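Residue numbers (this note's numbering), protein chains in the order written: chain A, 4 to 500; chain B, 4 to 500.
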């Protein structure tokens, strides 16, 4: 039996529709499939087979899109890696995922070579490849696979990133539920701004193939985020749909005073809580914002408020998607009445199947079919979800999740550090910024800058504390637990200009 | 385990969105569910349980919509009956379906009582009912049921109507594939013009519940089709989507010279082949026509051309929907190259599971997972489907299918008739009209009007031949087979003014 990917049936059905738009170029679904087949042959020659795990260092480039579909069509499992990881973090995740191969593009090949032996790296060309294909075969009978399709690393609360296993069925049901909330039109074009190693970016590729709509790439693919480029791409490429994290929207509003281009039908805003001020500003400027709450373990969207709902109730993330169920429970697992804050639980066809090779973490996250998100929130009387706080101590900076435990573990590795407490400080541009309070060992001598440098060598840049404060001790509860909220309050106050 | 219907998850998800619009009234999904629950209680009191088969005489009324969802939520199987059947035909279909109960509205209750004992009839009120509900329960976990959901009668080529069994999964995948071709927007409104006993009408209810959009009913629900009412409803109720058969579109263009209301996004034209002239006229008038080929056994749409595709290639029905596969084969089952006409075969998740209680017909229709439609057509070099002829001798008049064999069998029951050949004559308004050539027994004395009256007592009105010609004999092949095309040609020529 041939595995079912999302590109093949689409290319059979509407080969002439645009699949990928970047700059002045447009690639049809037929041409994208041809390119994917060429890369599939290259991967097969390198020894990738059905069930292989393929780690991937993929920027948001056309070749990366073709490669992702090639991995799926082979029946291999994609393990996209965060491009901002340090070599050490990267090496650890490749080992953890059991990946036998590493996929890279010209711009990431060097980094790949730095972390694994050369024979395990498959470097793909950035240019479109063709391949002579056999006469078009009929696509395989339709089936929604429940076997692993992609493994995405999420920062775990324990500090060690966990490997969430998502199936083709998860992505399929996510795409269907999303369209049943947000709608789609045959000529829609979705601008890819989020990284392909984030569920919010990766799922756009699969969603678009199912819908038969085009993915638009930013024209400065390899460069860092630039709000003016974002606006220009929206305008020039007649983009109708775009996913943004609040930091991106904030920067867009700051950098570009014009109203949104008329083609824009929807801004899907997620990845972190959006402040009411940001929402009001965006709505006033005419941006059709839909707020969403989602997480990797639920294949992105759990609940989404459409633009009219955001206007009526700014701050809510709306109702759960069709076929997704949400409960809010107290510490004993009892369902709470409307308005009361508790942990958000999620069940439904988009909930992941567990953490790879980590039955303990899986058992903690999935209980009786319910995903325990660790996020706090409440359902109001109308059934709309409000997210009060991401997992109590989670920091979301520019759409990236940072778990204090991971950063604290690194700080404690420094020979001068006795204790560390990492918190997120409010920040208009980034949502939150990472900060740390540190207690030194007796007679130790170290500056905050030295500690920051120490972190920078061991952690992806976005995880490094931007502010480190050395304190004589940390505030603790009677039982000896660090009072994180007090640390946060103190650092926040000091951070004020 | 509670069966999954389509209304319940939708009502849980967006209870406040409009579900049903008729006249000035709008019913939300929450209110429609409450109504459906009240009817469900009534059905349960009447003895309907999960698995029961419920024959239904339902006009396109609000109560009928609620009742259909009630039957689904009970886990019972809906058997909607053509309202134009004679009492005799109706009695036969109720017996064939094994229905224990008959569901009727105030306007159809009398007809129901005429064909079955009173205790088997459940007459529902036309007024909205409420019911005290328990505190809102969480919807059941998502599952796509593969068990019977509805049984629809289709005219069989043998003359005896066959009972096609459709599952909830069939309707689900049809709805998803349709949206992946035609798109949907959260504020769409679908006007129900087709009968609820046709797959094209029934599927609109399930599709709309999945999408969360409103179904609009014609304001003169119980009256016969009136193109001016159609136009007025489109305009006043801001309808965006409508399914029409060619006869309806023809009459709309004749009766209303104005361009379509601006809200109208799509006219899904199916049920019979549309003439290129009709398409050109509709496009010229500004109607966004999408042509579709579908059949009951594939839960409606198989292939659909979007308006730009219709403009480019009028007459084609476009590519198969995503995950639907189409082959065109010769008499030996060999796949034909592009451009060659053969039988259209269909496979995919919308293909039905067989004819109820008729393993022979099921085996003939479903071979190796392929539905043998009996319809003739070809795929062009681009993969677009062209339907050349509905099952060679099938007559489609005003969107209703008429099988000559069924009408011929009735004619032959008349004591004066020796032989009969029923054909369809071209007709600008109806697409085709039923006509018959009849050979009388020696010394028999009967007029065409007497034969027509004889048919009218035994057949639904649309099946009755509008033109009956008495001939001394029928043209036959050397092997003795009636040459239907020659009969058709002769009657067509005589019919010309």
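C-beta atoms are modelled at their ideal positions from N, C-alpha and C, and glycine is treated no differently. This one's a predicted model, so the numbers in the text were calculated from it and none came from an experiment.
Distance cutoff 8 Å, beta carbons only. Does residue 418 (chain A) sit that close to anything in chain B?
One-based indexing of the first chain puts residue 418 (chain A) at position 415. With 8 Å as the cut-off, residue 418 (chain A) does not count as an interface residue toward chain B.
Report buried or exposed for residue 165 (chain B), applying the criterion of at least 16 other Cβ atoms within 10 angstroms of its Cβ.
In the second chain, residue 165 (chain B) corresponds to position 162, counting from 1. By the 10 Å Cβ count, residue 165 (chain B) comes out buried.
Mind the definition here: the segment 203-215 of chain A touches the segment 252-265 of chain A only if three or more C-beta pairs lie below 8 Å; say whether that holds.
Segments in contact, no.
Taking a Cβ distance cut-off of 7 Å, strictly less, list which residues of the segment 209-224 of chain B are near chain A, in chain order.
Within the segment 209-224 of chain B, the qualifying residues are 213, 214 and 215.
Return the chain-ordered ranges of every beta strand (DSSP E) run that is complete within the segment 203-280 of chain B and spans a minimum of 3 residues.
Taking only runs of at least 3 residues, the beta strand (DSSP E) segments lying wholly in the segment 203-280 of chain B are 217-220, 244-247 and 269-272.
Which of helix, strand or coil does DSSP assign to residue 4 (chain B)?
Numbered from its first residue, the second chain carries residue 4 (chain B) at position 1. Here the model assigns residue 4 (chain B) a pLDDT of 37, short of 50, so the residue's position is not dependable, and the following value carries that caveat. Looking at residue 4 (chain B) - three-state DSSP - the assignment turns out to be coil, as it is neither helix nor strand.
Ignore the nearest five residues each way along the sequence and tell me which others in residue 501 (chain B)'s own chain have a CB closer than 6 Å to its CB.
Because chain B here runs from 4 to 500, residue 501 (chain B) falls outside it and cannot be looked at.
I want to see whether chain B comes within less than 8 Å of residue 506 (chain A), judged by CB atoms only; does it?
Examination of residue 506 (chain A) is not possible in this model, given that chain A is present from 4 through 500 alone.
Roughly how many angstroms lie between the CA atoms of residue 491 (chain B) and residue 477 (chain B), to the nearest whole one?
The sequence position of residue 491 (chain B) within the second chain is 488, counting from 1. The sequence position of residue 477 (chain B) within the second chain is 474, counting from 1. Spanning the two alpha carbons is a distance of roughly 11 Å.
Hey, how far is the Cα of residue 174 (chain B) from the Cα of residue 146 (chain A)?
The count along the second chain starts at 1 and reaches residue 174 (chain B) at position 171. The count along the first chain starts at 1 and reaches residue 146 (chain A) at position 143. Cα to Cα, the separation comes out at about 16 Å.
Among residues of its own chain, excluding the 5 on either side of residue 4 (chain A), which ones have a beta-carbon nearer than 6 Å to its beta-carbon?
Along the first chain, one-based indexing puts residue 4 (chain A) at 1. Residue placement at residue 4 (chain A) is flagged as unreliable, the pLDDT there being 37, under the threshold of 50; a coordinate-derived value is accordingly withheld.
Going by the beta-carbon positions, is the gap between residue 285 (chain A) and residue 296 (chain A) smaller than 8 Å?
As a working note, residue 285 (chain A) is residue 282 in the first chain. As a working note, residue 296 (chain A) is residue 293 in the first chain. Taking 8 Å as the Cβ cut-off, residue 285 (chain A) and residue 296 (chain A) do not qualify as a contacting pair.
Taking CB distances under 8 Å as the criterion, tell me whether residue 264 (chain B) reaches chain A.
Translated into positions along the second chain, residue 264 (chain B) becomes position 261. Chain A contact via Cβ: absent.
For chain B, find out if any of its Cβ atoms is closer than 8 Å to the Cβ of residue 326 (chain A); answer yes or no.
The count along the first chain starts at 1 and reaches residue 326 (chain A) at position 323. Residue 326 (chain A) counts as touching chain B.
Taking the alpha carbon of residue 193 (chain B) as the point to measure from, which residue in B:185, B:47 and B:211 has its own alpha carbon closest?
The residue labelled residue 193 (chain B) in the question sits at position 190 within the second chain. Answer by Cα proximity: B:211.
Do residue 287 (chain A) and residue 309 (chain A) count as a contact pair if the criterion is CB distance below 8 Å?
To locate residue 309 (chain A), count along the first chain from 1; it is residue 306. To locate residue 287 (chain A), count along the first chain from 1; it is residue 284. No, the Cβ-Cβ distance between residue 309 (chain A) and residue 287 (chain A) is not below 8 Å.
Does residue 188 (chain A) get closer than 8 Å to chain B when you measure Cβ to Cβ?
The residue labelled residue 188 (chain A) in the question sits at position 185 within the first chain. Closer than 8 Å to some Cβ of chain B, the Cβ of residue 188 (chain A) qualifies, so yes.
For residue 59 (chain B), count neighbouring C-beta atoms within 10 Å of its own C-beta (all shown protein chains included) and say buried if the count is 16 or more, exposed if not.
As a working note, residue 59 (chain B) is residue 56 in the second chain. With 16 or more other Cβ atoms within 10 Å, it is buried.
For a cutoff of 8 Å on Cβ pairs, would you count residue 315 (chain A) as touching chain B?
Position 312 of the first chain, counting from 1, holds the residue named residue 315 (chain A). So, not an interface residue.
For residue 446 (chain B), count neighbouring Cβ atoms within 10 angstroms of its own Cβ and tell me buried if that reaches 16, exposed if not.
Looking up residue 446 (chain B) in the second chain gives position 443. The residue in question, residue 446 (chain B), is exposed, as its Cβ has fewer than 16 Cβ neighbours within 10 Å.
Alpha carbon to alpha carbon, how far is residue 183 (chain A) from residue 325 (chain A)?
Taking the first residue of the first chain as 1, we reach residue 183 (chain A) at position 180. Taking the first residue of the first chain as 1, we reach residue 325 (chain A) at position 322. Spanning the two alpha carbons is a distance of roughly 7 Å.
Taking the alpha helix (DSSP H) that residue 456 (chain A) belongs to, which residues open and close that run?
Stepping through the first chain from its first residue, residue 456 (chain A) is reached at position 453. First-last of the alpha helix (DSSP H) with residue 456 (chain A): 451-461.
Work out the CA separation of residue 401 (chain A) and residue 433 (chain A) for me, nearest whole Å.
For the purposes of this step, residue 433 (chain A) is identified with residue 430 of the first chain, where counting begins at 1. For the purposes of this step, residue 401 (chain A) is identified with residue 398 of the first chain, where counting begins at 1. Computed Cα separation, rounded: 5 Å.
Would you mind working out which of A:452, A:61 and A:46 sits nearest residue 55 (chain A), comparing C-alpha positions?
For this step, residue 55 (chain A) is matched to residue 52 along the first chain. For residue 55 (chain A), the nearest C-alpha among the options comes from A:46.
Apart from the five residues just before and just after residue 177 (chain A), which ones in its own chain have a Cβ nearer than 7 Å to its Cβ?
On the first chain, residue 177 (chain A) is found 174 positions in, with the first residue counted as 1. Correct list, in chain order: 206, 302, 303, 304 and 353.
Are the CB atoms of residue 390 (chain A) and residue 329 (chain A) within a distance shorter than 8 Å?
Here the question's residue 329 (chain A) lines up with position 326 in the first chain. Here the question's residue 390 (chain A) lines up with position 387 in the first chain. Their beta carbons are not under 8 Å apart, which means residue 329 (chain A) does not touch residue 390 (chain A) by this criterion.
Alpha carbon to alpha carbon, how far is residue 333 (chain A) from residue 376 (chain A)? Give it in angstroms, no decimals.
For the purposes of this step, residue 376 (chain A) is taken as the residue at position 373 of the first chain. For the purposes of this step, residue 333 (chain A) is taken as the residue at position 330 of the first chain. Computed Cα separation, rounded: 13 Å.
Would a C-beta distance cut-off of 8 Å place residue 409 (chain A) and residue 465 (chain A) closer than the cut-off?
Residue mapping note: residue 409 (chain A) aligns to position 406 of the first chain, counting from 1. Residue mapping note: residue 465 (chain A) aligns to position 462 of the first chain, counting from 1. No, the pair does not count as a contact, with Cβ atoms beyond the cut-off.
Using only CA atoms, which one of B:240, B:350, B:217 and B:275 lies nearest to residue 248 (chain B)?
Along the second chain, one-based indexing puts residue 248 (chain B) at 245. Minimum Cα distance to residue 248 (chain B) is reached at B:275.
Got a sec? Which residues, its chain only, sit under 7 Å from residue 231 (chain B) by beta carbon, not counting five neighbours each side?
Residue 231 (chain B) sits at position 228 when you count from the first residue of the second chain. The answer, listed in chain order, is 258 and 259.
By the three-class DSSP mapping on this structure, what secondary structure does residue 322 (chain B) have?
Within the second chain, numbered from 1, the residue matching residue 322 (chain B) stands at position 319. Strand at residue 322 (chain B).
Establish whether the CB of residue 62 (chain B) and some CB of chain A are separated by less than 8 Å.
Locating residue 62 (chain B) in the second chain gives position 59, counting from the first residue. Taking Cβ atoms only, chain A never reaches closer than 8 Å to residue 62 (chain B), which makes this a no.
Can you look up residue 12 (chain A) in the DSSP assignment and give me helix, strand or coil?
On the first chain, position 9 is the one that residue 12 (chain A) refers to. In this structure, residue 12 (chain A) counts as helix in the three-state DSSP scheme.
How would you list, in chain order, the residues of chain B whose beta-carbon sits under 9 Å from the beta-carbon of residue 16 (chain A)?
Position 13 of the first chain, counted from the start, is the residue given in the question as residue 16 (chain A). Residues of chain B passing the Cβ test: 183, 184, 322, 323, 324, 325, 326, 327 and 386.
Going by DSSP, name the residue or residues bridged to residue 156 (chain B).
By 1-based counting over the second chain, the position of residue 156 (chain B) is 153. Looking at the DSSP assignment, residue 156 (chain B) forms a beta bridge with B:166.
Using the rule of at least 16 other Cβ atoms within 10 Å of the residue's Cβ for burial, across every protein chain shown, is residue 363 (chain B) buried or exposed?
Position 360 of the second chain, counted from the start, is the residue given in the question as residue 363 (chain B). That one is exposed.
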